[in-house]
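Student: Have a look at this one.
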Amino acid sequence: MFERILIGFDGTPASGDALSLGAHLAHRTGAQVTLAACFPHLGPLPPARAYILDEESEALSRTVRKLVPDLEFEIAALPGTSPSAGLADLASERAADLIVIGSTHRGAIGRVLPGSVGERLLRTSPVAVSVAPRDYASHGHADIGVIGVAYDGSPESRLALEKAAWLARRTDSRVRVISVIDLRGRAGELAELSKVASGQFDAEVERAGRSVPAEIEHDVLVLEGDPAVELAARGVELDLLLIGSSGHGPVGKVLLGSVSSEIMRTAPCPVVAVPRLAAASAMTREARAE
Amino acid sequence: MTGAETAYGQGGQGVFSTIVVALDGSGTAERGLPLATALSRRDGAKVVLVHVQQLITAAGTVVPVQPDEERIQAHLRELTEGLRDEGIEASLEIRTMALGGAARSIAEVTDEVEADLIIVGTQGHSAMGIMFLGSVTQRLLQTADQPVLVVPAERG
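Order-wise, the sequence lines are chains U and F. Take the first sequence: its position 75, counted from the start at 1, is 862 in our numbering, and no numbers get skipped. Take the second sequence: its position 22, counted from the start at 1, is 1107 in our numbering, and no numbers get skipped.
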């Protein structure tokens, strides 16, 4: 499920958050780590100056070793102005199954991996993408105790649930299946129909809960309201939240709907967005061509 | 004669009174030093070397982004001493980058010391340098109130 984690790192504070989350997940799951050293300001170099890339990568490696001394990692340099395409390509090349980046909303400080890069990666990545919350780096290694899954019955949310169960087994955590039914603005007969739909939904969520292997401690939470708001509010009780992609985009890419995108921006815990299918290099090339 | 022309070098004074040189520890940045020295001698200007260190936090630990930061700062202190030995009124300002980036930190020092020229390189070799001298120089060119003199990197 998460055997190799690709961490986008460029020396900015936001990338320190990504490093913290990526290293934490690697320590807890035993995943291997590839550190993608991003140099968006470094254009194509003439052969005589190609050594600069090696020097830059080595400098970042030394900084990372000081920050997380017990982390074993390989480093891959990503020069160029399109880190999102570079990260997606590198994930395919290294068979990584999770890309971790820093928060997309950090203002001037996060300029090296700006919001647009994160948003593009979330739309096009062939593998799961996780965004570390702002200032995650300051907190040291918090434990992983509760892993939430945003569940709406879609195939993507079922995949997210499978991954959550895998993670829970690896990290000795519990799983919380969270479903939010949105009945806002509905009245009269429509509300009656919604109640029927709601009952069916509850049954589906219960089935989802039963699909979690019995040896993994888990609970089910069904809420009413604005899904983005409710999930973000529940995030304070979670150490990680997995969400599925919207399912309306090209198969195999993480394509966030408005709800998922909002959760990514507002959740107080790290969020992992899961794509529909496993990584495929052809899809990565397609993403790059967009 | 325009206003800009009358503002410099009148009444027997030099053109520049205080020159800021932004340094990141890379050789490219230091290519501006001979120029600063020559201008200082010509105009009797003070020279203020400015270095902005960037810190990064991960897993609850804080370290400089540039792994050679200590060595860089020691080197910059030596450079400052060297300028003083040559009879130049030189000082060193080391700042930690705050919100707004290195360009803002350099601009703050420039205002504080009332400098009238900023000398900066185009591209460094260190991890800090790429960020510093690429985007920061661009930012300074767009925002600085003082003239900015950009020294190119060595070709080849």
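All C-beta atoms, glycine included, are put in the ideal place defined by N, C-alpha and C. Predicted model, so just to flag it, every value in this text is computed and none were measured.
1) Does the CB of residue 1230/F have a neighbour CB from chain U at under 8 Å?
2) If you check the beta carbons only, do residue 908/U and residue 871/U fall under 8 Å apart?
3) Which residues in chain F sit within 8 Å of residue 806/U, going by Cβ to Cβ distance?
4) Taking 8 Å as the threshold (beta carbon to beta carbon), is residue 1237/F in contact with chain U?
5) Let me know if residue 827/U comes out buried or exposed under the rule of 16 or more other beta-carbons within 10 Å of its beta-carbon.
6) With 8 Å set as the bound, which would you pick, yes or no: does the beta-carbon of residue 1151/F sit closer than that to a beta-carbon of chain A?
7) Quick test of your reading: residue 885/U and residue 851/U, contact by CB under 8 Å. State the CB separation rounded to the nearest angstrom.
8) Can residue 1222/F be considered in contact with the ligand COA, in the sense that its beta carbon sits closer than 7 Å to one or more heavy atoms?
9) Taking the beta strand (DSSP E) that residue 1006/U falls in, what are its first and last residues?
10) Contact criterion: CB-CB distance below 8 Å. Does residue 1205/F meet it with respect to chain U?
11) Are the beta-carbon atoms belonging to residue 1189/F and residue 1177/F less than 8 Å from one another?
12) Can the beta-carbon of residue 943/U be found closer than 8 Å to that of residue 1031/U?
13) Can you find at least 3 beta carbon pairs, one from the segment 1094-1113 of chain F and one from the segment 939-957 of chain U, that sit closer than 8 Å?
14) Would you say the segment 1135-1142 of chain F touches the segment 1119-1127 of chain F, given that touching needs at least three Cβ pairs under 8 Å?
15) If you drop the 5 nearest sequence neighbours on each side, which residues of the same chain put their C-beta closer than 8 Å to that of residue 1193/F?
16) Check the C-beta distance from residue 936/U over to residue 917/U and give it rounded, since I have them as a contact under 8 Å.
17) Is the Cβ of residue 800/U closer than 8 Å to any Cβ of chain F?
18) Do we get a CB-CB distance below 8 Å when we pair residue 1137/F with the residues of chain U?
19) At least one CB of chain F closer than 8 Å to the CB of residue 810/U: is that the case?
20) Taking the alpha carbon of residue 986/U as the reference point, which residue from 999/U, 855/U, 967/U and 998/U has its own alpha carbon closest?
21) Between the beta-carbon of residue 1055/U and the beta-carbon of residue 1022/U, is there less than 8 Å?
22) Rounded to whole angstroms, what is the Cα-Cα separation between residue 1128/F and residue 1174/F?
23) Which partner residues does residue 853/U have in the DSSP bridge list?
24) Which word fits residue 1159/F, buried or exposed, when buried means at least 16 other C-beta atoms lie within 10 angstroms of its C-beta?
25) Short of 8 Å in beta carbon distance, which residues of its chain neighbour residue 1003/U, apart from the five on each side in sequence? Order them along the chain.
26) For residue 866/U and residue 995/U, what's the separation of their Cα atoms in angstroms?
27) Let me see if you follow: with CB-CB separation under 8 Å, is residue 846/U close to chain F or not?
28) For a quick check, are the C-beta atoms of residue 787/U and residue 920/U less than 8 Å apart?
29) Report yes if the CB atom of residue 1117/F is closer than 8 Å to the CB atom of residue 1205/F, and no otherwise.
30) So what does residue 1236/F bridge to, in DSSP terms?
31) Between which two residues does the alpha helix (DSSP H) carrying residue 1223/F extend?
32) Following the continuous alpha helix (DSSP H) through residue 1191/F, name the residue where it begins and the one where it ends.
33) What residues in the segment 833-861 of chain U have a beta carbon less than 7 Å from any beta carbon of chain F?
34) Since residue 925/U meets chain F, which of its residues come closer than 7 Å, beta carbon to beta carbon?
Tutor: Let me lay it out:
1) no
2) yes
3) 1143 and 1144
4) no
5) buried
6) Considering every chain present, this structure includes no chain A. Its protein chains are U and F.
7) About 18 Å separates the two Cβ atoms, so there is no contact after all.
8) As for the ligand COA, it is missing from this structure, which has no ligand bound.
9) 1005-1011
10) no
11) no
12) yes
13) no
14) no
15) 1180
16) Wrong, their Cβ atoms sit about 14 Å apart, outside the cutoff.
17) yes
18) no
19) yes
20) 967/U
21) yes
22) 12 Å
23) Partner(s): none; residue 853/U has no beta bridge.
24) exposed
25) 952, 955, 956, 961 and 962
26) 43 Å
27) yes
28) Because chain U spans 788 through 1077 in this model, residue 787/U falls outside it and cannot be assessed.
29) yes
30) 1206/F
31) 1222-1228
32) 1186-1197
33) 835, 839, 842, 843, 846, 847, 849, 850, 853, 854 and 855
34) 1142 and 1145
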